[in-house]
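Working notes for the structure below.
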Amino acid sequence: MKKLMLLAAIALGVVVSATAQENKPEGYKFTDKKVVKTVPITNQYRSGTCWCFSTLSFLEEEVLAAGGEQMTLSQMWVVRHAYFDKAIKYVRLHGHLNFAVGGAAHDVTEMIAKYGIVPLEVYSGYNYGTEMPEFGEIDNVLKGYVDAIIKNGNGRLTTAWIDGLNAILDTYFGVRPEKFTYKGKEYTPKSFAESLPIKMEDYVEISSYTHHPFYSQFVLEVPDNWMWHSMYNLPMGEMIEVLDACIEAGHPVAWGTDVSEKGFSRQKAIAVIPEVVEKNTIGSDAAHWGKLSDAEKQAMINNLEGPMKEKTITQEMRQEAYDNYQTTDDHGMVIVGTATDQAGNPFYKVQNSWGENGPYKGFYYFSRPFVEYKTMDIMVNKNLIPKDIKKKMGL
Numbered sequence: 020m021k022k023l024m025l026l027a028a029i030a031l032g033v034v035v036s037a038t039a040q041e042n043k044p045e046g047y048k049f050t051d052k053k054v055v056k057t058v059p060i061t062n063q064y065r066s067g068t069c070w071c072f073s074t075l076s077f078l079e080e081e082v083l084a085a086g087g088e089q090m091t092l093s094q095m096w097v098v099r100h101a102y103f104d105k106a107i108k109y110v111r112l113h114g115h116l117n118f119a120v121g122g123a124a125h126d127v128t129e130m131i132a133k134y135g136i137v138p139l140e141v142y143s144g145y146n147y148g149t150e151m152p153e154f155g156e157i158d159n160v161l162k163g164y165v166d167a168i169i170k171n172g173n174g175r176l177t178t179a180w181i182d183g184l185n186a187i188l189d190t191y192f193g194v195r196p197e198k199f200t201y202k203g204k205e206y207t208p209k210s211f212a213e214s215l216p217i218k219m220e221d222y223v224e225i226s227s228y229t230h231h232p233f234y235s236q237f238v239l240e241v242p243d244n245w246m247w248h249s250m251y252n253l254p255m256g257e258m259i260e261v262l263d264a265c266i267e268a269g270h271p272v273a274w275g276t277d278v279s280e281k282g283f284s285r286q287k288a289i290a291v292i293p294e295v296v297e298k299n300t301i302g303s304d305a306a307h308w309g310k311l312s313d314a315e316k317q318a319m320i321n322n323l324e325g326p327m328k329e330k331t332i333t334q335e336m337r338q339e340a341y342d343n344y345q346t347t348d349d350h351g352m353v354i355v356g357t358a359t360d361q362a363g364n365p366f367y368k369v370q371n372s373w374g375e376n377g378p379y380k381g382f383y384y385f386s387r388p389f390v391e392y393k394t395m396d397i398m399v400n401k402n403l404i405p406k407d408i409k410k411k412m413g414l
């Protein structure tokens, strides 16, 4: 009898296990629809330089789209010059500026326009004993230096402080070459930039917020916009239309977004905005979304096992999330394609700079609602903007 009961229990366990397997969600399955030519995945490692790594990948892919050859441009060349310009402005403003390693896509195009660019093999920028960027020390040293300059107690700045700044930058990033040879030809940083089949003046940034008039230019009020750079303001639908037009034309889009959102899973390389119904809450959709408990967050992440109902994003939701600090200038990546899940829901394929990790080896899939909701800004080639929208922008 005991033996029969044991066999029955085992059989029941097998049935339950098989049933559980049958009921287990199949997981997200993506089908790429349109993907542009991409360069290899990079790794910003232990540095807050996503803005630089992503935008240089974007520009390298723009070179490919223009018929140029694949190349890897020096990220630290850009970072070094951005830190220099930021330090000058920080001291000029008596410290009333965000002095940190963060930045934006326009930092890259502005630095290239001003200082030129060099290939990675010419200037790695890792002059401090590592093969990948580690900025814990660099950030603190530079911040300490510029703060000391401001607080010097002399009543005036000395003539040596800029030389001191350059000495620190040269020590950590390396001395900048005035000339170099690349593939048998001699260049300066400026002439190399001019040799590329793309021009920095062709790139514009677009955002979508209602606290400034649409079709005007405005300075996006985020800490990392230390340059006070202006971007064009479009309604959400037209911003997405521009994005889609670029991908359809075979061009990437540099993307500033916020991945602190609870629908983002680094492990699964997926980001969605699930429709979450909360009880006994008062306020807007954006307010509800930002107040999920840890338990709700974990349950939602656990449910990223397959297609789900997502929020319908409105212009008002975008604005409230920005106004309430629920959307911040958190991370920069590159949108390189479109895709659908097995239910036909639209997604964007996105290139990250966290190394070849995750199920898609450094690429991620972000749902259209996520992109609508959490896009801070995009950088695009202005020549790809649909004519009717371009006219409204005054371009």
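As numbered in my numbering, residues 20 to 414 make up the sequence shown, in order.
Glycine is no exception: its CB is placed at the ideal position from the N, C-alpha and C atoms.
- L83 has its alpha-carbon roughly 19 Å from the corresponding atom of K52.
- Residue pairing by DSSP places I225 opposite Y251, I397 in a beta bridge.
- At least 8 Å separates the beta-carbon of P242 from that of D126.
- The three-state secondary structure of V58, taken from DSSP, is coil.
- Between the region 380-389 and the region 71-89 there are fewer than three C-beta pairs closer than 8 Å, too few to call the two in contact.
- Rounded to the nearest angstrom, the gap between the Cα atoms of F211 and I225 is 28 Å.
- Fewer than three pairs of CB atoms, one per stretch, sit closer than 8 Å, so the region 154-164 makes no contact with the region 129-139.
- If you check the CB distance, R65 and P152 come in under 8 Å.
- If you ignore the 5 residues before and after L92, its C-beta comes within less than 8 Å of the C-beta of L75, L78, E79, I136, V137, P138, L139, all in its own chain and listed in chain order.
- Under the three-state reduction of DSSP, G87 is assigned to coil, being neither helix nor strand.
- Exclusion of the five residues before and after P254 leaves F233 as the residues of its chain whose Cβ lies within less than 6 Å of its Cβ.
- Under the three-state reduction of DSSP output, D51 falls in the strand class.
- The region 407-414 makes no contact with the region 265-275, as fewer than three CB pairs between them are under 8 Å.
- Apart from sequence neighbours up to five positions away, no residue of its chain approaches T200 with a beta-carbon distance below 7 Å.
- Here DSSP, grouped into helix, strand and coil, assigns I354 to strand.
- In this structure, DSSP gives T74 a helical state, which the three-state scheme calls helix.
- Nearest Cα to T207 within the set G275, R195, K218: R195.
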